[in-house]
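In the working numbering, the protein residues as written are 1214 to 1579. Everything below concerns the one structure shown next.
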Amino acid sequence: MRGLDLNRRQLLRRLGLGGLALGGTWLGVGRSRASLSPLGQNQSQRQDPDPLPWPEPRRGDLRLVTISDLNGPYGSTTYRETVHRAIALLPRWRPDLVLCGGDCVAGQKLDLTRSQLDAMWAGFDRHIAAPLRAANLPLAVTMGNHDASGSLMPDGQFRFAADRAAAAAYWQQIQGSLGLDWIDRRDFPFYYSLRLRDPSGRLVYILVWDASTARIPAAIAERADRDLASPAAQGAALRLVLGHMPCYPVAPGRDTPGNYLEEGDRWVRLLHRHRVSAYLSGHHHAYFPARVGNLDLLHLGNLGDGARSLLGSDRPPVQTLTLLDLFLDRGAIERTTYDLVNWLPLDERQLPPQIRSAVRTLDRHP
Ligand SMILES: [Fe+2]
């Protein structure tokens, strides 16, 4: 935890100079500062033998940590330091669920052999899944294009069938230890649904679909339409959907067809129709919380290689992870995003108010 100690010292130094000014910005929008001590820790956190080096956000009825895009170069069986630090820190937030936006490994290269693919997933298990299991943190993942691309050949066969077979073998082997409350896992890990229950018994419904490529097949679209209309989904206090590709582009170099869902407007209408609160996606390696109507489009930042800036922004790219605190009475989701370089909360007001692309102009979440 050498890195954490350094950051704690950095933080204390900054606090000594600037009170609660964190990294040149003020701590997250809309968060209460009233209960914070000068060191940014409340009374209950002081009792913690291993306190967080930053003010912990107000805890919701349920808390999710969302991560995405962990992988390094093709064939990697190891992860960069930011990934290890993030995974080591996750238990401190005591999340009820870790949600991952995909690209856990670096496949999607046809000359990778099955033994290499298996070694990649073994590396993922050793460095990511096993520490989360040891901390009793439930984990749900959507398949990314580098995990198990659903790209089809002209004859309708999967182009990366070996990737999909290796991913299916790994995830099916560990599915019993993921700590998930399943609704439908017949096609796990490609398409599945689960529920989360808060201490008073209220439910959150989560649908994970195969958005590993830009095209959502008709059968998947119809199934998602049915599942989101089901009593299990509509009876829940909140509905979330997770897929690798976003509905619209937010990052340069990812604003070309194939890097975001075809028919994004159609999927947004589908999600609206079923009163989904948020669609969470990865792939773009750039954090941007957008809002379309009543729907949050949460573009998750990456943990691994290749952080990107946002379209039209000169803000330097940075890896991020995001806490989602769910307040079920009012159906609210509060976000706290940490920049993984300084491990400080990001002030979303510093993100561009809009992302313009050839597809759509996206408004930042107010
Ligand atoms: Fe991806």
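Every residue, glycine too, gets a C-beta built ideally from N, C-alpha and C. All values derive from a computational prediction rather than experimental measurement.
Check	Outcome
Is it the case that the CB of HIS1359 approaches a heavy atom of ligand 1 more closely than 7 angstroms?	yes
Measure the alpha-carbon distance for TYR1500 versus THR1535 and round it to whole angstroms.	9 angstroms
Label LEU1575 either buried or exposed according to how many other C-beta atoms from any shown protein chain fall within 10 Å of its C-beta, with 16 as the threshold for buried.	buried
Label MET1366 either buried or exposed according to how many other C-beta atoms from any shown protein chain fall within 10 Å of its C-beta, with 16 as the threshold for buried.	exposed
Do the CB positions of ASP1397 and SER1406 come within less than 8 angstroms of each other?	yes
Can you give the Cα-Cα distance for SER1570 and LEU1524, rounded to whole angstroms?	7 angstroms
State the DSSP-derived secondary structure class of THR1156, mapped to helix, strand or coil.	There is simply no residue 1156 to check, as the chain begins at 1214 and stops at 1579 in what is shown.
Can you determine whether any heavy atom of ligand 1 sits closer than 7 angstroms to the C-beta of HIS1457, and answer yes or no?	yes
Could you tell me which uninterrupted beta strand (DSSP E) segments, each at least 3 residues in length, are contained entirely in the region 1410–1455, listed from first to last along the chain?	1416–1421, 1451–1455
Would you mind working out which of PRO1530, LEU1453, HIS1512 sits nearest GLY1519, comparing C-alpha positions?	PRO1530
Ordered along the chain, which non-local residues of its own chain (more than five positions away) have a Cβ less than 6 angstroms from that of LEU1559?	THR1550, ASP1552
Can you tell me which of the three DSSP states GLU1476 falls into?	coil
Within 10 Å of its beta-carbon, does HIS1498 have 16 or more other beta-carbons around it, so buried, or fewer, so exposed?	buried
Would GLY1506 and HIS1485 qualify as a contact pair, given that the criterion is a beta-carbon distance under 8 angstroms?	yes
According to DSSP, GLN1567 sits in a beta bridge with which residue or residues?	ASP1576
Between LEU1451 and VAL1417, how many whole angstroms is the CB-CB distance? I'm expecting something under 8 angstroms.	5 angstroms
Curious, which full-length beta strand (DSSP E) runs of at least 3 residues does the region 1278–1323 contain?	1310–1313
With DSSP run on the structure shown, which of helix, strand or coil describes TRP1556?	coil
Compare the C-alpha of GLY1320 against each of ALA1379, HIS1340, VAL1278 and name the closest.	ALA1379
What's the C-alpha gap between ALA1335 and THR1290?	8 angstroms
Around the Cβ of ALA1446, are there at least 16 other Cβ atoms within 10 angstroms (buried) or fewer (exposed)?	buried
Taking the Cβ atom as the reference point for each residue, do GLY1203 and VAL1296 lie within a distance shorter than 8 angstroms?	Absent from the model: residue 1203. The displayed extent of the chain is 1214 to 1579, so no value can be given.
How close, in whole Å, do the beta carbons of ASP1309 and LEU1277 come, if the pair is a contact with beta carbons under 8 angstroms?	7 angstroms
For HIS1596, which residues of its own chain have a beta-carbon under 7 angstroms away from its beta-carbon, when the five flanking residues on both sides are left out?	Lying before the first or after the last residue shown, residue 1596 is absent from the chain, which here runs from 1214 to 1579.
Is it right to say THR1326 is buried, meaning 16 or more other beta carbons lie within 10 angstroms of its own, or is it exposed?	exposed
For GLY1229, count the other beta carbons within 10 Å of its own beta carbon; 16 or more makes it buried, fewer makes it exposed. Which is it?	Any reading at GLY1229 must be qualified, since the residue scores a pLDDT of 28, below 50, and its modelled position is unreliable; no value is offered.
Given ASP1394, which residues of its chain have a CB within under 6 angstroms of its CB, disregarding the five upstream and five downstream residues?	LEU1407, ARG1408
With H, G and I counted as helix, E and B as strand and the rest as coil, what does DSSP make of ALA1499?	coil
Please report the distance separating the alpha-carbon of LEU1249 from that of ASN1284.	Legend: pLDDT at LEU1249 = 28, less than 50; position of this residue unreliable, value from coordinates given subsequently. Each residue's Cα considered, the two are about 37 angstroms apart.
On the DSSP bridge list, what partners appear for PHE1540?	ALA1545
Taking CB distances under 8 angstroms as the criterion, tell me whether MET1458 reaches chain C.	No chain C is present in this structure, which holds just one protein chain.
Please name the residue or residues paired with PHE1371 in a DSSP beta bridge.	LEU1365
Is the beta carbon of LEU1508 sitting closer than 8 angstroms to the one on PRO1459?	no
Can you list, in chain order, the residues of its chain with a C-beta nearer than 7 angstroms to that of ASP1438? Leave out the 5 residues immediately preceding and following it.	LEU1483
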